[in-house]
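S.K.:
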Amino acid sequence: MNLKQLKSFVLLLALGTFGLTKVSAQSNAAYVDKYSPIAKEMMEEHGVPASVILAIAMHESGNGGSRVAKNLNNHFGVKGKNNSTVIRSAYKGYRSVMDSYDDFVGIVKRKKTTQSLFEKHPGEKYEAWVKAIARSGYSTSKGWTAKVLATIRQYHLDMFDNDAKQNRFSSTKK
Numbered sequence: 001m002n003l004k005q006l007k008s009f010v011l012l013l014a015l016g017t018f019g020l021t022k023v024s025a026q027s028n029a030a031y032v033d034k035y036s037p038i039a040k041e042m043m044e045e046h047g048v049p050a051s052v053i054l055a056i057a058m059h060e061s062g063n064g065g066s067r068v069a070k071n072l073n074n075h076f077g078v079k080g081k082n083n084s085t086v087i088r089s090a091y092k093g094y095r096s097v098m099d100s101y102d103d104f105v106g107i108v109k110r111k112k113t114t115q116s117l118f119e120k121h122p123g124e125k126y127e128a129w130v131k132a133i134a135r136s137g138y139s140t141s142k143g144w145t146a147k148v149l150a151t152i153r154q155y156h157l158d159m160f161d162n163d164a165k166q167n168r169f170s171s172t173k174k
């Protein structure tokens, strides 16, 4: 490879990397805009912090872009049966993304290691929630906890926890 080809390659690599980062940031923002209302609703109804719900969904579904998310409406990597004729998968299929969010919260509620959080920390202390969900066996992937916590911090998802708590407080005050 001569110097001119090498410069062209480096330039293309740099542009490609920048372009992918920009697309990724856009897809993160689009995902949060689209699904934060569902996450806040789940938090208000059940007590799981919206930040935790969103971060896990973003991580597990690739911001809704994974084949499992697109074809099975499964945003949480939940394993189970599906009736898809489009993809063969060990992941559970849902009629809607809302059903996927609902099922995830149900799974968290049924796990022994997370049950006490619903009493002690409903809608708060996202770190405790993520760590307890990881301990429950939800994910066996090394580094999963750190990645989910980093997503919450990087995209300031905990602001949705505060919004939902304020809404709950103001509605009980009326």
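Going by UniProt numbering, the sequence shown opens with residue 1, and the numbers climb by one from there. For each residue, glycine too, the CB sits at the ideal point set by N, CA and C.
Using 8 Å as the cut-off, can you tell me whether the stretch 73-85 makes contact with the stretch 100-110, which would need three or more C-beta pairs spanning the two stretches below that distance?
M.R.: yes
S.K.: Do you know offhand how far Y126's Cα is from T85's?
M.R.: Looking up residue 126 in the sequence shown gives position 126. Looking up residue 85 in the sequence shown gives position 85. In a straight line, the C-alpha of Y126 is about 37 Å away from that of T85.
S.K.: Tell me which residues share the same chain as N122 and place their Cβ nearer than 7 Å to its Cβ, disregarding the 5 neighbours each side in the sequence.
M.R.: Here residue 122 refers to the residue found at position 122 of the sequence shown. A small fix is needed here, since residue 122 is Pro in this sequence, not Asn. Same-chain partners within the cutoff: G47.
S.K.: Do Y35 and A57 have their C-beta atoms closer together than 8 Å?
M.R.: In the sequence shown, the residue the question calls residue 35 occupies position 35. In the sequence shown, the residue the question calls residue 57 occupies position 57. Yes, Cβ-Cβ distance for Y35 and A57 is below 8 Å.
S.K.: Can you tell me whether S61 is buried or exposed, with buried defined as 16 or more other CB within 10 angstroms of its CB?
M.R.: Position 61 of the sequence shown holds residue 61. Buried.
S.K.: Give the list of continuous alpha helix (DSSP H) stretches no shorter than 4 residues that lie fully inside the stretch 45-102.
M.R.: List check, alpha helix (DSSP H) in window: 50-61, 67-72.
S.K.: Does DSSP put P122 in a helix, a strand or coil?
M.R.: Counting from one through the sequence shown, the residue named residue 122 turns up at place 122. DSSP places P122 in coil when its eight states are reduced to three.
S.K.: Report the CB separation of V32 from V130 in whole angstroms; it is logged as a contact under 8 Å.
M.R.: Residue mapping note: residue 32 aligns to position 32 of the sequence shown, counting from 1. Residue mapping note: residue 130 aligns to position 130 of the sequence shown, counting from 1. Their Cβ separation, rounded to whole angstroms, is 17 Å, which puts V32 and V130 out of contact at 8 Å.
S.K.: Considering L140, what are the terminal residues of the alpha helix (DSSP H) in which it resides?
M.R.: Working through the sequence shown from its first residue, we reach residue 140 at position 140. The amino acid occupying residue 140 in the given sequence is Thr; Leu does not appear at that position. Element bounds for T140: n/a, residue is neither H nor E.
S.K.: Quick check: Y91 and K79, are their CB atoms within less than 8 Å of each other?
M.R.: The residue given as residue 91 occupies position 91 in the sequence shown. The residue given as residue 79 occupies position 79 in the sequence shown. Yes, these two residues count as a Cβ contact at 8 Å.
S.K.: Relative to the C-alpha of T114, which residue among I152, G65, I133, P37 is closest?
M.R.: In the sequence shown, the residue the question calls residue 114 occupies position 114. Here the closest residue by C-alpha is I133.
S.K.: Which same chain residues, not among the five before or five after G112, have their C-beta less than 8 Å away from its C-beta?
M.R.: Taking the first residue of the sequence shown as position 1, residue 112 is located at position 112. Contrary to the premise, residue 112 reads as Lys rather than Gly in this sequence. For K112, where only same-chain residues beyond five positions count, the Cβ hits under 8 Å are S136.
S.K.: Identify, in the order they occur along the chain, each residue of the same chain with its Cβ nearer than 7 Å to the Cβ of P49, setting aside the five sequence neighbours on each side.
M.R.: In the sequence shown, residue 49 corresponds to position 49, counting from 1. Cβ neighbours of P49 beyond the five flanking positions: M43, G123, E124, Y126, W129, D161.
S.K.: Taking just the CA atoms, how far does R67 sit from I107?
M.R.: In the sequence shown, the residue the question calls residue 107 occupies position 107. In the sequence shown, the residue the question calls residue 67 occupies position 67. Roughly 22 Å separates the two Cα atoms.
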